[in-house]
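Let me begin by presenting the structure, written as structure tokens, before commenting on it.
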Amino acid sequence: MLHLLWTALIGLVVGALAKLIMPGKEPGGIFITMLIGIAGSFLGTFLGRAIGHYEPDQSAGFLMSLVGALILLGIYNLIRRSRATT
Numbered sequence: 003m004l005h006l007l008w009t010a011l012i013g014l015v016v017g018a019l020a021k022l023i024m025p026g027k028e029p030g031g032i033f034i035t036m037l038i039g040i041a042g043s044f045l046g047t048f049l050g051r052a053i054g055h056y057e058p059d060q061s062a063g064f065l066m067s068l069v070g071a072l073i074l075l076g077i078y079n080l081i082r083r084s085r086a087t088t
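Numbered by the numbering used here, the letters in the sequence shown go through residues 3 to 88 in order.
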């Protein structure tokens, strides 16, 4: 149970940093920020394993989680921009 709390806390910090770094209006409140951070961690783990940076039993570190969250926010901004122009 403590592992889930720790994951949520790190996800909140990573999501908040990603929102500060990425310009523009970002979605949601505290729970969406936490989900962006957690999803960024999963994306960072996947990308790290794909390029051979992580072993199969390792997960992403803080920086790779931040990179994953920034990628997710970038994709969100691209989708939002394309819907606004059509």
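Backbone N, C-alpha and C define an ideal beta-carbon position, used for all residues, glycine too. Computed from a predicted structure; not experimentally measured.
With DSSP as the reference, label residue i as helix, strand or coil.
i     : result
ALA62 : coil
GLY70 : helix
MET24 : coil
HIS2  : Past the edges of the chain, shown from 3 to 88, lies residue 2, and the structure says nothing about it.
Cα separation between residue i and residue j?
i     : j     : result
LEU14 : THR87 : 31 angstroms
SER61 : VAL69 : 14 angstroms
THR47 : ILE23 : 20 angstroms
ALA52 : SER43 : 14 angstroms
LEU49 : LEU72 : 13 angstroms
Exposed or buried, what is residue i when buried is set at 16 or more other beta-carbons lying within 10 Å of its beta-carbon?
i     : result
LYS21 : buried
ILE40 : buried
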